[in-house]
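Since the structure comes first, as structure tokens, the remarks are kept for the end.
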Amino acid sequence: MPLSPTELDRYRRQMQLPGFGPAAQERLKATTALVTGVGGLGGTAALYLAAAGVGRLILVRGGDLQRDDMNRQVLMTDDWVGKPRVFKAQQTLAAFNPDIEIEAVCDYVTAENIDALVQQADIALDCAFDFKERDLLNAACVRWGKPMVEAAMNAMEAYLITVIPGETACLSCLFPEKPEWDRWGFGVLGAVSGTLACLAALEAIKVVTGLGEPLLGQLLTMDLARAEFAKRRAYHDPDCPVCGGVKGRGDRAVPLAMARR
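Numbered by the numbering used here, the letters in the sequence shown go through residues 4 to 264 in order.
And the structure:
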């Protein structure tokens with residue numbers, strides 16, 4: 004998909020990066036990214052995917068904007084409180100970058116809609132607020148051989164990993180037992196969700212373009228209260244009920260840029 008003169012101008016600075024160039028930019032333009040949970044984490048990640056020129060974004064989030072979302076949800080405005088947040092996210096991103104396509108799905112991830120959503124995407128970013136949605140997305144990405152960037156936070160702590168079905172550990176390998184969790188039970192600082200969101204967007208960009216080295220099978224943990232970061236190799240459970248026995252699926256089970264070379 005050739006770049007227009009406007010796109011060549013818009014993305015000129017990132018195309019100056021060594022190993023990036025117009026070919027990587029065209030890969031971004033040809034990519035559909037699914038973002039689940041368009042809040043402080045998913046909304047900010049979507050903003051940086053839009054800034055980078057990912058050609059199509061599918062944003063999935065049910066529910067209305069609440070005022071206590073406003074300390075971290077940078078796509079929102081105060082006059083939108085009480086309205087479906089995903090449509091405001093779509094509106095903001097369309098104004099920010101009119102050269103990309105943005106689809107807004109005002110719904111939560113469910114067993115009924117997840118396969119259709121994942122099948123449309125080249126890569127998924129898991130930014131949902133509960134394990135039920137996260138597990139549904141993880142299983143669907145494994146079924147359809149789609150890469151997934153998994154990002155989550157709790158107070159001042161966060162983790163990030165990139166899942167390649169058949170090649171790396173999946174979310175179920177990492178968390179075979181789900182912890183007790185209350186979405187209202189912990190504080191959220193916008194700068195923490197924003198920091199993790201930027202890293203998640205960067206992971207997706209690296210997978211799509213081949214820039215740098217994604218966190219394939221490596222769990223990045225962050226204690227942002229102390230600015231401490233660590234990488235740990237994730238255990239790929241051969242008996243995992245979700246990904247156990249799944250083999251690499253050719254060009255669908257490797258980073259997108261590698262598949263296109």
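Glycine residues also receive a C-beta, built at the ideal position from the N, C-alpha and C atoms.
- Counting only the Cα atoms, Thr113 lies some 24 Å from Leu50.
- One thing to note: Arg88 has its Cβ within 9 Å of the Cβ of Gly46.
- At a cut-off of 4 residues, the continuous stretches assigned as alpha helix (DSSP H) that sit fully inside the segment 91 to 135 are 117 to 123.
- DSSP, reduced to helix, strand and coil, places Arg137 within a helical segment of the structure shown.
- In the structure shown, Pro87 falls within a strand segment according to DSSP collapsed to helix, strand and coil.
- Per DSSP, Leu174 is one residue of the alpha helix (DSSP H) stretching across Leu174 to Leu177.
- In the DSSP assignment, Leu37 falls within the unbroken beta strand (DSSP E) covering Thr35 to Thr39.
- Counted as a single uninterrupted DSSP element, the beta strand (DSSP E) harbouring Arg235 occupies residues Glu231 to Arg236.
- In the DSSP assignment, Arg15 falls outside any alpha helix (DSSP H), carrying neither H nor E.
- Closest by C-alpha distance to Leu128, out of Gly248, Val84, Lys209 and Gln28, is Lys209.
- Of the residues Gly148, Gln28, Glu216 and Ala161, the one whose Cα lies closest to the Cα of Gly56 is Gln28.
- Taking C-alpha positions only, Pro5 is separated from Gln19 by approximately 17 Å.
- For Ala207, no beta strand (DSSP E) encloses it; the enclosing alpha helix (DSSP H) starts and ends at Gly193 to Thr212.
- A contact between stretches requires three or more CB pairs, one per stretch, nearer than 8 Å, and the segment 113 to 124 fails this requirement with the segment 92 to 104.
- With fewer than 16 neighbouring CB atoms inside 10 Å of its own CB, Glu231 falls in the exposed class.
- Bridge partners of Ile167 according to DSSP: none are assigned.
- Membership of Ala158 in any alpha helix (DSSP H) is not indicated, and neither H nor E is assigned to it by DSSP.
- Comparing C-alpha distances from Thr9 to each of Lys32, Ala203, Gly220 and Tyr111 shows the shortest one belongs to Lys32.
- Look at the beta carbons and you see the segment 202 to 219 touching the segment 147 to 165: at least three pairs across the two are nearer than 8 Å.
- Judged by their CB atoms, His239 and Cys144 are not nearer to each other than the 9 Å cut-off.
- Under DSSP, Gln221 takes part in a beta bridge, and its partners are Arg236.
- Remark: C-beta atoms of Arg70 and Gly42 do not approach each other more closely than 9 Å.
- With respect to the 9 Å criterion, Cys130 and Leu222 are not classified as neighbours on the basis of their beta carbons.
- Per DSSP, Arg59 is one residue of the beta strand (DSSP E) stretching across Arg59 to Val63.
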